[in-house]
Every structure is written in C-alpha cells, then in structure tokens.
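*Asks:* The numbering of the sequence shown is our numbering, which starts it at 492 and goes up by one.
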Amino acid sequence: MRRSGVTRLRTISNAFIQSQALYTAARLRVADALADGPLPNNELAQQLGAHPERLYRVLRMLAVLGVFQEAEPGVWANNELSELLRQQGEETSMRDMVMHMGDETYKGFTTLSDSVLASHPSGIAFYDYSRGLDFWSWLNLPQHKEQQAYFDRAMKAASASGMPAILQEFDWSPWAAGTVADVGGGVGHVLAALLQRHQGMRGILLDRAPVIKAAQQAWQQEYVDLAPRVQLLPGSFFEAVPPADAYFLKSILHDWSDEQSSRILRAIRRSAPAGARLLLCEVAVPDELAQVQTWVASMDMVMMGMAGGKERTVTEWRQLLASSGFALERVVPLSSGYSMIVAAPAAADE
Ligand SMILES: C[S@@+](CC[C@H](N)C(=O)[O-])C[C@H]1O[C@@H](n2cnc3c(N)ncnc32)[C@H](O)[C@@H]1O
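1) Pull up the DSSP beta-bridge partners for Met831, would you.
2) Let me know the beta strand (DSSP E) ranges lying completely inside the segment 712 to 800, each 3 residues or longer, listed in chain order.
3) Within the present structure, is the beta-carbon of Ser742 separated from the nearest heavy atom of ligand 1 by less than 7 Å?
4) Using the three-state DSSP reduction, which class does Gly653 fall into: helix, strand or coil?
5) Please report the Cβ distance between Tyr829 and Glu750, rounded to the nearest whole angstrom; I am assuming they are in contact, meaning their Cβ atoms lie under 8 Å.
6) Using DSSP bridges, identify the partner residues of Gly694.
7) If you draw a straight line from the C-alpha of Asp840 to the C-alpha of Ala763, how long is it?
8) Within a Cβ cutoff of 7 Å, which residues of the same chain sit near Asp605, ignoring the five residues on either side of it in sequence?
9) Closest by CA to Ser826, which one among Lys801, Gln538, Val833 and Met654?
10) Reducing DSSP to helix, strand and coil, say where Ala541 ends up.
11) If you compare alpha carbons, which of Phe559, Gly599, Pro733 and Gln579 is closest to Gly796?
12) Using three-state DSSP, classify Pro531 as helix, strand or coil.
13) Return the chain-ordered list of same chain residues with a C-beta closer than 6 Å to the C-beta of Leu769, the five sequence neighbours on each side being excluded.
14) Which class does Asp840 belong to by DSSP, given the choice of helix, strand or coil?
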C-alpha cells in the first residue's frame, strides 16, 4: 500500500510534465508534419525549427504515453492518438483543446495554491487575479486572436461530441414550432442542429459581438438554408435577453459565480413569457463524493480558475434557480455525462 501510494502521488505530481509534453507537440504541429508518413527525428526537427535532441526526448515521453510511435529507431510516426492532434486549416481537432489547456489554462493554474489562501479575494477567478482582467476580455485583446480561434474551435468540438445526446435523448417536441434562444450559444452549432431537426423551430443566437461576427460568417456559409429562421444577436446576457419560448444555456452558468449566474437568470426571467422554459445543459455533480468522476472535478477546477464559476450539484442548481425567479422542474441525465435541467419561471416572482 505504502509503495503504491508513493507511486500514485508521484504520478499525480508529475502529471503536468505529460500535459506540457503534449502541448509542446501540439504547438509545434508535430502530428501535421508526420501526416504524409514517418520522418527521421533530425529531419522532423529541421522542418519544425526544433532542437533535435530535445524534440526526441519530448516525443519519447509522449510515445511512452502512447501518443506517436517510433517506427524504427530515431524515426517518428503518427499513431491513433497523435492523429487526433492533426489540424487542417480551420477544421477542429483535439489540438485546439490541448492548446487551450496547455497555454493559458496551464499558466493560470500556477496561481491556484495562492488563490485558496484566506487572504485572496474570494469569488474571483484566479486567472483574472494574476492577469488583471477576466477571461473573455483577455480573449478579446487583439494579440489573443489565435487563442480566441482555438478556444472557439475547442468549444465547437466539445459541443459536437455532446450533440447527439442533446438532440436525441431530450424531448424538444414542445418547442418544435416555437422560438428557442441559445443564450451564449457561440457560433451556433447546437442551434443549427436543432433547427435542422425541427423544421418549424425558430432560433435566436445571443453571444458577444466578436463571436456573433464569426457566427454571421458560419451561418452564411455552413447553414445558408437555416439562416432565415435564426436571429443573430450581439449583446450581453447580463443586460438583456429577448423573449423566447425556451432559453437554452449550454455550459454557460458553470462559467460564473452564483451572484453572476443569478444576474444572467434574472435577465432571462425579465423577458420570459408565461409558459416559457429554461433549459440548462450542464453537469449535475452527484451529492455523494464517491460518485464524482475525475473529469467533473477537473472541470470544476477549470471553472474556478477561468471565471470564478463552478460545477453544481442538483441541490445547488435548485437553490440558484429558486433565488433567481425559477423553479426546477426536472433533471434529465444524458449519456454524455451532462444533464438537461428544466426550470419554469416561478409564479411568485416579483
Ligand atoms: C463555454 S462557452 C459555451 C458556448 C456554447 N453554449 C457551447 O456549449 O458550445 C461560453 C459562451 O458564453 C459567451 N459569453 C461570455 N460572456 C458573455 C456575455 N456577457 N454575453 C453573451 N455571451 C457571453 C462566450 O462568448 C462563449 O461563446
């Protein structure tokens, strides 16, 4: 037990080395360089402008972890895992998520231990504290165009993997002829899939102005047929949200503190017609610790760091909703690990 305990702690404390090796390969685009077949290490290093010996050692680390393979001594080749890091043009790939986690997220996490000291201002994202501005404003800076692009693509990829469960495992028929507002919907991939599936549905996509600008392009190119049924709306969900029959918020409230989430919910509550529903696609953290999965606990850490947000238990969702003018109706667990949390405007709200 003692020996395995030591090994386990060592593995946990070393984990950043593995993730930084992966980030290095993603940053240098090693997988793309190997797309046409295996390359000797020195040739690969020359192509990438890398130091040959260091590159070799990073790739050996990754090959030990099962990412890339040494086809013959000193010759590197892609394998099933490294193929996922390939990126052609604007196409999404796991590279986007690895870049996001390995760059700004990783750097932000160096301040985690300071942030739990009582002297640290609570309720503030620890990234913001070290950077002096919130994640979204930081992304908006002209020098962070690349980070904005891979963050958007990483979100698109994450949405794509969870999309079948949202579309097929939740009953959207009550809104099949109604208007669904995708609040903070990014460029609108989920909304597009919903409109595709329900020909009588109309949509409103609300997001920050730069994201809506990108959305205009996507809807003109990828979703031309659906565009007449959507309204693309730049704005802030803290200020005002237009009336709709359903307000869909996917992975939004986990970005924000209870106080900020309540402001978003109250903006929706002010515009919600009687009979409207709030549809949150979020994680419902099990109340019992033994049931909490590692990815859920990790995502909760990222939310704490990125925006001062959190993953919430069903009890916490119920409380947040009740304090913001909504009554939780039901929680529908999806096979993706997320849940659809359905709430109605509370009758007694002011
Ligand atoms: C984690 S992403 C989720 C995107 C999308 N719902 C999905 O699941 O793919 C959060 C989204 O909230 C948007 N956002 C952040 N602050 C906002 C604000 N004040 N008003 C509107 N949208 C905002 C971001 O631009 C981003 O698209």
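Every residue gets a Cβ at the ideal spot worked out from N, C-alpha and C, and that includes glycine.
*Replies:* Once the coordinates are examined:
1) Along the sequence shown, one-based indexing puts residue 831 at 340. DSSP lists Cys772 and Val823 as the bridge partner or partners of Met831.
2) As far as the segment 712 to 800 is concerned, its whole beta strand (DSSP E) runs of at least 3 residues are 721 to 725, 737 to 741 and 768 to 773.
3) The residue you call residue 742 lines up with position 251 of the sequence shown. At least one heavy atom of ligand 1 is found less than 7 Å from the C-beta of Ser742.
4) Counted from its first residue, the sequence shown places residue 653 at position 162. The answer is helix: DSSP assigns Gly653 an H, G or I state.
5) Start at 1 with the first residue of the sequence shown, and residue 829 comes out as number 338. Start at 1 with the first residue of the sequence shown, and residue 750 comes out as number 259. The beta-carbon distance between Tyr829 and Glu750, rounded to whole angstroms, is 24 Å. This is too long to meet the 8 Å contact definition.
6) Counted from its first residue, the sequence shown places residue 694 at position 203. Assignment of beta-bridge partners to Gly694 by DSSP yields Val671 and Val721.
7) Here residue 840 refers to the residue found at position 349 of the sequence shown. Here residue 763 refers to the residue found at position 272 of the sequence shown. Any reading at Asp840 must be qualified, since the residue scores a pLDDT of 46, below 50, and its modelled position is unreliable; the value itself is stated next. Spanning the two alpha carbons is a distance of roughly 12 Å.
8) Numbered from 1 along the sequence shown, position 114 holds the residue referred to as residue 605. Cβ within range, chain order: His611.
9) Here the question's residue 826 lines up with position 335 in the sequence shown. Minimum Cα distance to Ser826 is reached at Met654.
10) Locating residue 541 in the sequence shown gives position 50, counting from the first residue. In the three-state reduction of the DSSP assignment, Ala541 falls in the coil class.
11) As a position in the sequence shown, residue 796 is number 305, starting the count at 1. Closest by alpha carbon: Gly599.
12) What you label residue 531 is simply residue 40 of the sequence shown in a count that begins at 1. It is a strand residue.
13) Stepping through the sequence shown from its first residue, residue 769 is reached at position 278. For Leu769, where only same-chain residues beyond five positions count, the Cβ hits under 6 Å are Tyr738, Phe817 and Ala834.
14) Locating residue 840 in the sequence shown gives position 349, counting from the first residue. Summary for Asp840: the model assigns pLDDT 46, below 50, so the residue's position carries little reliability, and this model does not support an answer.
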